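*Asks:*
Chains as they are written, first to last, in the numbering used here: chain A, 1315 to 1619; chain B, 1315 to 1619; chain C, 1315 to 1619; chain D, 1315 to 1619.
In structure tokens form, the structure reads like this:
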């Protein structure tokens, strides 16, 4: 049995040096270190790589990490909430703002500011978003598949840092099962006053299940839980495959019984994750753990080259 | 200023007596008591009543509370995850089982058991679910709106305790923006191997926005967060209306920045909830707080009659 | 195997009826129901009954539940934080106030108000507390044992609803291992400017270990974690005994690794709790779960009579 | 107003580079970055520096970070739980072990292993701990002050990596208000069967209040909450001073109302923290955030030299 090695901090260490020292610690430190080992294996070997994205990651500053992972070839399938794609589009022409989580919300409304914890979005950003979206929504009425619809939007964005644009450039399908639950959905509703633009709600399953049937080995990194987590995991249910590597970065706990906080072990009972899978759940704020994980892993990949 | 009155417990008290004593307490007790006051107003006066349902509430035993609320006329719009509707259908013919949150998940898979924290579902239930669903899926190919699709399923269920059947009986629209993210979605995918059954992803917005335009006063009870919370709240964004009463029962915290844990005050900055709204967030396990809240409120309504 | 029975709510039900329906539910509902079964056994059979009290339970309105349990003979040993005893003494002559968790704390300080989440205490209460305490502090200098010191304070309080007075009246020892970490400690420091009042930090262990050696069967109800939880559990370490019944009501989670959130199963590995013990951890806000648990249990005890 | 700058990760970056990029992010990332700015100011300017330590930080591998901070002169006062000092002493001669949070606790007891989440301690470590402690407990009976008692223990430890030894070497007082609530307390109890070793429970207040009276500017870093947080903060109550800089790394949330999760703003209403103080609360697992914070800050200090 291995013993706990007390961390020793020296000035100037790299993130990966810190993560490696966490290897023989307890609690979250060890989980994060195990996650880095799993992610290194996922990105350096022949895995089909899923990334799921919930929580307000883009407004919080995590957008370019995602688009960079896509452009480096480290994402094969992205499953996301609609909101993250809305804010990805806003970042193409405008900004989110450093705000105050304690501000008076009635005053903010008066000033035309919407709050996402300690991040602000101005009404003017939403006006511009509306204009841009009406320009890039497809002229054809469809029905489109969800991923086709998002690929079209992405292909029309000019900002190469955009997640949607990067995914479109790299032929990475983006699945957003609750696309109607976002301002993209509301803009589609507006367009539908004019012509009957439509997205087929079930078509993404066709596409994702086919991908799952054809994977050899599969790995998944989940940021948060929610629909993205469930949709990616359930896609394995109708195939003989399951995930071989799985990481979740989350603030949800198993004790409440919900899917977002469910352990990855629970997913083994469903057959979504292999009983031999390597897995790690890192509890905490993903705006801290996600950059750390990616930073350590990219460092390792570079050293392997 | 009012002072804290220490609770005095006597044997045999009713749930509403307990909730009323919590009125002058601190922390969660006071929040729950305020939630009961708000819910009493919502159900006894002329509000359009939204209920949103996330988390595994049906497997945990909360299904008949929801269907009973619908049949009593206390729900005008239901927004839900797909999973809760899957498990609602399973309860029409079978059971969920009292399980063990510490069981070995690899063994459970061997035995054909899927685990939801401390609740089990057997593979046989899913086989029967598949048979039933293939029978009640519409023969027409659509495209259906999401709520129309769920109304058809509900109308074909025989169990009057079913949430979907109750909603269908009572003309309560059920919105499930991420319907593809559920076993109903997977069954639709199976059917689509035969004929091109489809649901239009954006059609629910048409219907829900129209409802929101026409509300006089609106109230919302949210169980958990996720897509149901966001979809119900965002529907107000494109109308001049906003929610006047709002309750959330949740285990998520605001400090992580995600929508599920966002305060109802944050929704004021977006214009989703009125700055004059009465609101209460009760933190904890909704399998405890939801039955308590409903029990106290129904008691009050009966006494008003 | 037992199946999940969906809860059915009727107006006017008693708290115990609700808790009993939770028996065949999942998640927190079942845990609470199991806790009630355990607490009923603990209070109705021949167990030595420990109660531990952390978190600001007294300011939040839970004080009289505790003192009532003591007077009914349902507590044999109380382990508490110092703060709860400070606020118990304040309630003897004054009040805590219904406050606002969103208030401006700098303004509150200007106004002489100290905030405990959404409960306020006025500077005048602390002035009166100081006067009262200087009157009831023992004239002798000691060294006292901790429980002896608190018994003296309790015996001099006039309010029979007081926890300290009730414990003194009923010969229930009160242990507060971190007594210096409270305003009682600060008042003792003031007195020590005059005479060398002292409490022997280790004497409580002598007394508690002797109690533990002599228990036949032992049960424990823990409100929150912290020092009270640890001190009560560790007292079994040096004896051949261990707890046979254990309940924890807590908002802490095991995943962070701390003692407060540690599972009761973890305590089995230490020998603090018997491997055959019946135990239940109920997650959530104890200002909701504690009154519910006590209410249901007192109802059951009355029906047994 | 400043805008959110999306993080860009390059391989090989230092921890401080990452933390600096978090400066213009949202949520936990920004809080951590602000904490680093505060800690840099605290360590580089003329502040009296408090460190409080709760949670099982030593078993999890954080011990040498603490002792190194002490030896570098970055801690003037340490307030800790007893357990962390017990495990600090164990590390002087033995080890904690990399364990499994899912292990069967009854089996572990059979094997003589005590579990702290995913860290193990063997019975043999506790036997050796007992022998060592009986050797280093003072022969005099006291009464000692708490900090004097711990200074004696520390001075007799040979391991210079020890927190207690480092504090003793550097004349840093260690306060442990609940010293009886630990295995050090149990060993003192054993000794007391022979001679009346005693610690005066209130003496630490004398010492700490005097320190607080004499501070010019004061800063505090709190790992977790509990007694260490409260004791350090309350010490300012009886002085005209208050903390000017404050950081808390915690997994507790304010919504439950307890002191451990209370915001630092709440402490402003009490006068413990100055209303002009710079403060930051970082939510998450301190085994991740504490090493990160220290690593970034030490890097900055080195660059200033």
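Backbone N, C-alpha and C fix where the C-beta goes; we use that ideal spot for every residue, glycine too. As the structure is a computational prediction, the values presented were derived from the model and not from experiment.
Which residues of chain B have a Cβ atom closer than 7 Å to the Cβ of residue 1567/D, listed in chain order?
*Replies:* Within 7 Å of the CB of residue 1567/D, the CB atoms of chain B belong to 1567 and 1569, in sequence order along the chain.
*Asks:* Bridge partners of residue 1489/D, per DSSP?
*Replies:* 1393/D
*Asks:* So residue 1402/D and residue 1478/D are in contact, right, with Cβ under 8 Å, and what is the actual spacing, rounded?
*Replies:* 6 Å
*Asks:* Among the candidates 1476/C, 1517/C, 1597/C and 1480/C, whose CA atom is the shortest distance from the CA of residue 1490/C?
*Replies:* 1517/C
*Asks:* Going by beta-carbon coordinates alone, are residue 1432/C and residue 1459/C separated by less than 7 Å?
*Replies:* no
*Asks:* Please return the same chain residues whose Cβ sits closer than 8 Å to the Cβ of residue 1596/C, not counting the five positions on each side in sequence.
*Replies:* 1342, 1345, 1346, 1349, 1561, 1562, 1563, 1564, 1603 and 1607
*Asks:* How would you label residue 1398/B, buried or exposed, when you count the other beta carbons within 10 angstroms and need 16 or more for buried?
*Replies:* buried
*Asks:* Tell me which residue opens and which closes the alpha helix (DSSP H) that residue 1532/B is part of.
*Replies:* Where residue 1532/B is concerned, there is no enclosing alpha helix (DSSP H), although the beta strand (DSSP E) it sits in stretches over 1532-1537.
*Asks:* Just to confirm before moving on: does the CB-CB distance between residue 1627/D and residue 1368/D stay below 7 Å?
*Replies:* This structure cannot speak to residue 1627/D, because chain D is shown only from 1315 to 1619.
*Asks:* Any beta carbon from chain B within less than 7 Å of residue 1407/C's own beta carbon?
*Replies:* no
*Asks:* Under 7 Å, Cβ to Cβ, is there at least one residue of chain A near residue 1473/B?
*Replies:* no
*Asks:* Kindly indicate if chain A contains any beta-carbon less than 7 Å away from that of residue 1411/D.
*Replies:* It does: the Cβ of residue 1411/D has a partner Cβ on chain A nearer than 7 Å.
*Asks:* Looking at chain A, is there any beta carbon in it that lies within less than 7 Å of the beta carbon of residue 1440/C?
*Replies:* no
*Asks:* Kindly indicate the opening and closing residues of the beta strand (DSSP E) around residue 1597/D.
*Replies:* 1587-1597
*Asks:* How many Å lie between residue 1566/B and residue 1536/A at the Cα?
*Replies:* Straight-line Cα distance between these residues: approximately 18 Å.
*Asks:* Buried or exposed: which applies to residue 1359/B, given that a residue is buried once 16 or more other Cβ atoms fall within 10 Å of its Cβ?
*Replies:* exposed
*Asks:* Quick one: list the residues of chain C neighbouring residue 1340/A, beta-carbon separation under 7 Å, in chain order.
*Replies:* 1571
*Asks:* Measuring straight from C-alpha to C-alpha, what distance separates residue 1400/A and residue 1482/A?
*Replies:* Computed Cα separation, rounded: 16 Å.
*Asks:* Taking residue 1597/A as the query, report the chain C residues whose CB atoms sit under 9 Å from its CB, ordered along the chain.
*Replies:* 1567, 1569 and 1570
*Asks:* Could you name the residues of the same chain whose beta carbon sits closer than 7 Å to that of residue 1614/A, not counting the 5 residues immediately before and after it, in chain order?
*Replies:* 1330 and 1354
*Asks:* Where does residue 1416/D fall in DSSP's three states?
*Replies:* coil
*Asks:* Give the secondary structure of residue 1444/B by DSSP, where H, G and I count as helix, E and B as strand, and everything else as coil.
*Replies:* helix
*Asks:* Closer than 8 Å, Cβ to any Cβ of chain D: which residues of the region 1421-1453 of chain A, in chain order?
*Replies:* 1430, 1431, 1432, 1433 and 1434
*Asks:* Bridge partners of residue 1317/D, per DSSP?
*Replies:* 1411/A
*Asks:* Per DSSP, which residues does residue 1348/A bridge with? Please list them.
*Replies:* Looking at the DSSP assignment, residue 1348/A forms no beta bridge with any residue, so it has no partner.
*Asks:* Do residue 1463/D and residue 1513/D have their beta-carbon atoms positioned less than 7 Å apart in this structure?
*Replies:* Going by C-beta atoms, residue 1513/D is nearer than 7 Å to residue 1463/D.
*Asks:* Between 1575/B, 1617/B and 1584/B, which lies nearest to residue 1594/B when the distance is taken from Cα to Cα?
*Replies:* 1575/B
*Asks:* Would you list the residues sitting across from residue 1541/B in a DSSP beta bridge?
*Replies:* In the DSSP output, where bridge partners are listed per residue, residue 1541/B has none listed.
*Asks:* Let me check understanding here. Comparing Cα to Cα, which of 1412/D, 1501/D and 1404/D lies closest to residue 1438/D?
*Replies:* 1404/D
*Asks:* Along the alpha helix (DSSP H) that carries residue 1333/A, what are the first and last residues, could you check?
*Replies:* 1329-1335
*Asks:* Residue range of the alpha helix (DSSP H) that residue 1323/A falls in?
*Replies:* From DSSP, residue 1323/A is part of no alpha helix (DSSP H); its letter is neither H nor E.
*Asks:* According to the Cβ coordinates, are residue 1571/C and residue 1493/C closer than 7 Å?
*Replies:* Not in contact: residue 1571/C and residue 1493/C (Cβ atoms no closer than 7 Å).
*Asks:* Under 7 Å, Cβ to Cβ, is there at least one residue of chain C near residue 1375/B?
*Replies:* Taking Cβ atoms only, chain C reaches closer than 7 Å to residue 1375/B, which makes this a yes.
*Asks:* Helix, strand or coil: which one does DSSP assign to residue 1436/B?
*Replies:* strand
*Asks:* For chain D, check one thing: does any of its Cβ atoms lie closer than 7 Å to the Cβ of residue 1379/A?
*Replies:* yes
*Asks:* Does the Cβ-Cβ distance between residue 1523/C and residue 1362/C come in under 7 Å?
*Replies:* no
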